[in-house]
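Enquirer:
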Amino acid sequence: MAEFTMELSDEQKEVRDWLHGFAADVIRPAAAEWDEREETPWPVIQEAAKVGIYSLDFYAQQYFDPTGLGIPMAMEELFWGDAGIALSIVGTGLAAVGVLANGTEEQIGTWIPQMYGDANDVKVAAFCSSEPDAGSDVASMRTRAVYDEAKDEWVLNGIKTWATNGGIANVHVVVAVVDPELGSKGHASFIVPPNTPGLSQGQKFKKHGIRASHTAEVILDNVRVPGSCLLGGKEKLDARLARAREKAKKGGERVKNAAMATFEASRPAVGAMAVGTARAAYEVALEYAQTREQFGRPIIDNQGVAFQLADMRTSIDAARLLVWRASWMAINGKPFTAAEGSMSKLFASETAKKVTAQAIQILGGNGYTREYPVERMHRDSAIYTIFEGTSEIQRLVIARTLAGMPIR
Numbered sequence: 011m012a013e014f015t016m017e018l019s020d021e022q023k024e025v026r027d028w029l030h031g032f033a034a035d036v037i038r039p040a041a042a043e044w045d046e047r048e049e050t051p052w053p054v055i056q057e058a059a060k061v062g063i064y065s066l067d068f069y070a071q072q073y074f075d076p077t078g079l080g081i082p083m084a085m086e087e088l089f090w091g092d093a094g095i096a097l098s099i100v101g102t103g104l105a106a107v108g109v110l111a112n113g114t115e116e117q118i119g120t121w122i123p124q125m126y127g128d129a130n131d132v133k134v135a136a137f138c139s140s141e142p143d144a145g146s147d148v149a150s151m152r153t154r155a156v157y158d159e160a161k162d163e164w165v166l167n168g169i170k171t172w173a174t175n176g177g178i179a180n181v182h183v184v185v186a187v188v189d190p191e192l193g194s195k196g197h198a199s200f201i202v203p204p205n206t207p208g209l210s211q212g213q214k215f216k217k218h219g220i221r222a223s224h225t226a227e228v229i230l231d232n233v234r235v236p237g238s239c240l241l242g243g244k245e246k247l248d249a250r251l252a253r254a255r256e257k258a259k260k261g262g263e264r265v266k267n268a269a270m271a272t273f274e275a276s277r278p279a280v281g282a283m284a285v286g287t288a289r290a291a292y293e294v295a296l297e298y299a300q301t302r303e304q305f306g307r308p309i310i311d312n313q314g315v316a317f318q319l320a321d322m323r324t325s326i327d328a329a330r331l332l333v334w335r336a337s338w339m340a341i342n343g344k345p346f347t348a349a350e351g352s353m354s355k356l357f358a359s360e361t362a363k364k365v366t367a368q369a370i371q372i373l374g375g376n377g378y379t380r381e382y383p384v385e386r387m388h389r390d391s392a393i394y395t396i397f398e399g400t401s402e403i404q405r406l407v408i409a410r411t412l413a414g415m416p417i418r
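According to this note's numbering, the sequence shown is numbered sequentially starting from 11.
1. I'd like to know whether the C-beta atoms of C138 and V280 end up nearer to each other than 8 angstroms.
2. Tell whether a beta-carbon distance below 8 angstroms holds between A329 and A284.
3. Taking only runs that begin and end inside the region 16–56, name each unbroken alpha helix (DSSP H) of 4 or more residues, in chain order.
4. Specify the secondary structure class of G80 as computed by DSSP and reduced to three states.
5. If I measure Cβ to Cβ from I122 and keep anything under 7 angstroms in the same chain, skipping five residues before and after, which residues do I get?
6. Along the beta strand (DSSP E) that carries K170, what are the first and last residues, could you check?
7. What residue does the alpha helix (DSSP H) around V3 start on, and which one ends it?
8. Once the 5 residues before and after S401 are set aside, which same chain residues still bring their CB inside 7 angstroms of it?
9. Tell me which residues share the same chain as A84 and place their Cβ nearer than 7 angstroms to its Cβ, disregarding the 5 neighbours each side in the sequence.
10. Tell me which residue opens and which closes the beta strand (DSSP E) that I201 is part of.
11. Assuming V384 contacts A282 under a Cβ cut-off of 8 angstroms, what Cβ separation, rounded to an integer in Å, is found between them?
12. Determine the burial state of R253: buried for a count of at least 16 other Cβ atoms within 10 Å of its Cβ, exposed for fewer.
13. Assign V156 to buried or exposed, taking buried as 16 or more other Cβ atoms, counted over all protein chains shown, within 10 Å of its Cβ.
14. Grab me the residues of S223's own chain with a C-beta within less than 7 angstroms of its C-beta, minus the 5 sequence neighbours each way, in chain order.
15. CB N232 to CB V165, shorter than 8 angstroms?
16. Assign S4 to one of three DSSP states: helix, strand, or coil.
17. Please name the residue or residues paired with F137 in a DSSP beta bridge.
18. Smallest Cα separation from R221: which of Q300, S140, A41?
19. Report the three-state DSSP secondary structure of P123 (helix, strand or coil).
20. Tell me whether Q313 is buried or exposed, calling it buried when 16 or more other Cβ atoms sit within 10 Å of its Cβ.
21. Give the DSSP-derived three-state secondary structure of V407 in the structure shown.
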């Protein structure tokens, strides 16, 4: 187990500086253009693939960093560049992790390379979980997967929504219900291979922020996939369902709490994204306050501005520390007895919204225009309090954990 430390190693600093350089030289100059176009920034993803950032190898190296700081450090730097483009770069990782966590060695070796493609022909993947009536309430999922034993195929029907890369992905990973009576424990994940009949893109969402990231509905109309596309395989699924049925008889709430504890571990990564956006807005506001003169002096000489900047920096550093603590706990198997994962996501996401709004205020009328990036950063920051569990859900998880109550 790695000791908790706030000092990055020389190797981590080298990776951080490399990512920062890419964010500064490649992502940030392209941010405004792709935000306006509201399209997937394929040229930027290709550049990320060429240097090795858009790859499973890089993601895995950071994910298995024994300090737990690899992923939050990477997310902060990329999202410092631009949230929309960064999400386009890391979005495939959601599907890849789903396969890594649940798939067999053969499935991992077969499908993950197809998710990324290569530097000359980049591909993306989509993880499809949320539905029109099942966002925070995953137990209300309606997409069904029915096994056709005669053909050894699974038949998928339903509608997924808010899918990053949905419909444009080479590979889709779809979560579906196989046993409705077991709630969230009756779910399984399936690979939908490229060009599978019945899968189509529904509505593409025109979003308030992160507009360079493609978000759309995915429609599944009698989509047939081979039995080999069930992540983990049929034998493992049957055994898991049998255990879940037995546990549900003995105490269903304990089953739900265990599932929630697992989900909790992924939330610090979103907190790190929020920290990156907040830090970017703070740096713009600080530079502006140091150079913008009113009444014969820089506006940072005014307490009203200086105190805002002091609060902004303090909140950003506090958010980062919460993210790092939760990330270290997760990689080292420390239980989140006070919902530390949700704490980090809640505080960091709320900090990003507040700091970006304060940055606009410090820039005044300039901050309200698209000539300065804080306007875009403020729009982007709104998503952090919504996806991966809303702020209200985070508060519910924290409160119920502290009270020792079931998390529903």
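Just so you know, even glycine gets a beta-carbon here, dropped at the ideal spot from N, CA and C.
Expert: On the basis of the coordinates in this document:
1. Contact: no.
2. yes
3. 20–32, 38–47
4. Of the three classes helix, strand and coil, the one that applies to G80 here is helix, per DSSP.
5. L66, A106, V109
6. 163–174
7. In this structure the chain extends from 11 to 418, so residue 3 is not present and cannot be described.
8. L356, S359, E360, T395
9. If we look at A84 and ignore the five residues flanking it on each side, its Cβ neighbours are L29, Q72.
10. Note, I201: beta strand (DSSP E), 197–202.
11. Between V384 and A282 a beta carbon distance of about 20 angstroms is seen, past the 8 angstroms cut, so the two are scored as non-contacting.
12. Exposed, because fewer than 16 other Cβ atoms sit within 10 Å of the Cβ of R253.
13. exposed
14. So the list reads G94, L97, S98, G101, T174, once near-sequence residues are dropped.
15. yes
16. No answer is possible for residue 4: it lies beyond the span of the chain, which begins at 11 and ends at 418.
17. V183
18. The option with the nearest alpha carbon to R221 is A41.
19. helix
20. exposed
21. helix
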